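Report on the structure given below.
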Amino acid sequence: MNIVEFYDEFCKYVKSRYKSKHTQRAYLSDVSDFLDNCNSEKFDCINKYVVLLKKQGVGARSINRKLSSVSAYFNFLKSRNIIDKNPVDFVDKPKMEKKLPVFLDVDEIIGLLNSIENKRDRALLELIYSSSLRASETVLLNIEDVDCNNFRIRVQRKGDKVSYVPVSRRACKFIMKYIKDRKNGALFLNRYGNRLSTRSLQKIVKKYSLNSIFKDISPHTLRHSKATHLLNSGMDIRLLQKFLGHSSIVATQIYTHLNLKELAKTYDKTHPLAKDEEK
């Protein structure tokens, strides 16, 4: 069976299921690349595709992402009774090294934020840190989503889920200074008056972090930093899970490792026995 012939139908399915253009492009690009190299649902064909990707120098994370997209394609075929089982379920996925997320300490956050004079950019970074937002969540915000009277914002999470997230009084102050008399529409605008893109957001964060704290960070670093600071301050991990919008507690537990790492570093610096152990 030539599974390529069902690609156009899969395109329609993806576009109807996912609103995010980025998600649509990712799925369709991955599946298109797979079908260019493999036109069969046979297990051996998929294994050869994985081997090919490794030879091309594609990393484990990217390979697993591609396999996830390919798996979605086969699940689509399975739901229409074109195939009996999803062959990706039987493929050995490359193991990924678990890396702890990078985060800034509180002094670095203060230095970064206080270095920003532009009203939009100050409001932007203050909000990301305050509410631990993802870049995609931030750029999708509309003015109507911000409720500074009750110090909360309405956030569109992954999977089109919507939740209300606390926002600090401080962040609200900078947001109100930025939007002035605007009542609706995109919260953060570019210089042409259009909605700010995630790429522009990443460039903004990088520019200020390099200039102020001499570190190359991403918007996600601000999210990780806030989560780490909350956990270090004693927030319950279940509350942190809800705050971050994680569907599984497993995703939140990585911050407990960060917490332990910070504790170990503090021990090495301050505990009198630590110096004796080095001798």
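In this text, residue positions in the sequence shown follow the working numbering: the first is 52, and each later residue adds one.
Think of the CB as a built atom: it goes at the ideal place given N, C-alpha and C, for glycine as much as any other residue.
As the structure is a prediction and not an experimental result, all values here were calculated from the model.
Coil, strand or helix - residue i by DSSP
i: Q207; result: strand
i: L238; result: coil
i: R131; result: coil
i: R112; result: helix
i: K326; result: Note that K326 has pLDDT 44, beneath the 50 cutoff, so the model's placement of it is unreliable and no number is given.
i: R220; result: helix
i: I255; result: helix
i: C62; result: helix
i: F125; result: helix
i: F85; result: helix
i: H73; result: helix
i: A304; result: In the sequence as displayed, the identity of residue 304 is Gln instead of Ala. Note: Q304 maps to coil in three-state DSSP.
i: K93; result: coil
i: K105; result: helix
i: M227; result: helix
i: R274; result: helix
i: R289; result: helix
i: I54; result: helix
i: R233; result: coil
i: L311; result: Interpretation of L311 is limited by its pLDDT of 48, a score under 50 that renders its predicted location unreliable; the figure taken from the coordinates is listed afterwards. In the structure shown, L311 sits in a helix (DSSP, three-state: H, G or I).
i: H297; result: coil
i: K99; result: helix
i: K117; result: helix
i: S269; result: coil
i: S284; result: coil
i: T321; result: Any answer about T321 is weak, because its pLDDT of 45 lies below 50 and its placement is not dependable; what the coordinates show is given next. Three-state result, T321: helix.
Spatial neighbours of residue i in its chain, beta-carbon cut-off 8 angstroms, leaving aside the 5 residues before and after
i: L163; result: L155, L176, Y259, S260, S263, I264
i: D135; result: K129
i: V153; result: I268, T272, H275
i: R208; result: E188, S214, G296
i: I288; result: L282, I300, T303, Q304, Y306, T307
i: K103; result: Checking the displayed sequence, the identity of residue 103 turns out to be Leu instead of Lys. Hits under 8 angstroms: N88.
i: V157; result: H280
i: A77; result: R116, S120
i: V142; result: F94, I97, N98, V101, L118
Own chain partners of residue i with C-beta closer than 7 angstroms, once the 5 adjacent residues on each side are dropped
i: T74; result: none
i: S183; result: R274, K277, A278, F294, L295
i: K266; result: S260
i: F125; result: E92, I134, N137, P138, V139
i: F61; result: V82, Y124, F127
i: I160; result: Y180, S276
i: Y100; result: F85, N88, C89
i: V218; result: L178, S181, S182, F202, R203, I204
i: V190; result: F239, R246, L247, S248, T249, L252
Residues bridged to residue i [DSSP beta-bridge criterion]
i: Y215; result: R205
i: R246; result: L240
Contact set for residue i: own chain, Cβ-Cβ below 6 angstroms, skip 5 residues either direction
i: A222; result: E177, L178, S181
i: T317; result: Low confidence applies to T317: its pLDDT is 44, below 50, so where it sits in the model is not reliable, and the reading given next is rough at best. So the list is empty, once near-sequence residues are dropped.
i: D172; result: I255
i: V216; result: S182, I204, V206
i: Q292; result: I300, T303
i: K106; result: none
i: F225; result: R173, A174, E177
i: V109; result: none
i: A186; result: T249, L252, P270
i: N115; result: K144
i: R246; result: A237
i: P323; result: Residue placement at P323 cannot be trusted, given a pLDDT of 46 that sits under 50; what the coordinates show is reported in the next sentence. Answer for P323: no residue qualifies.
Item to check | Inside the stretch 136-204 only - alpha helix (DSSP H) runs reaching at least 4 residues | outcome: 157-165, 170-182, 186-190
Next on the checklist: If contact is defined by three or more beta carbon pairs under 8 angstroms, each pair taking one atom from either stretch, is the stretch 228-243 in contact with the stretch 189-206?
Outcome noted: yes
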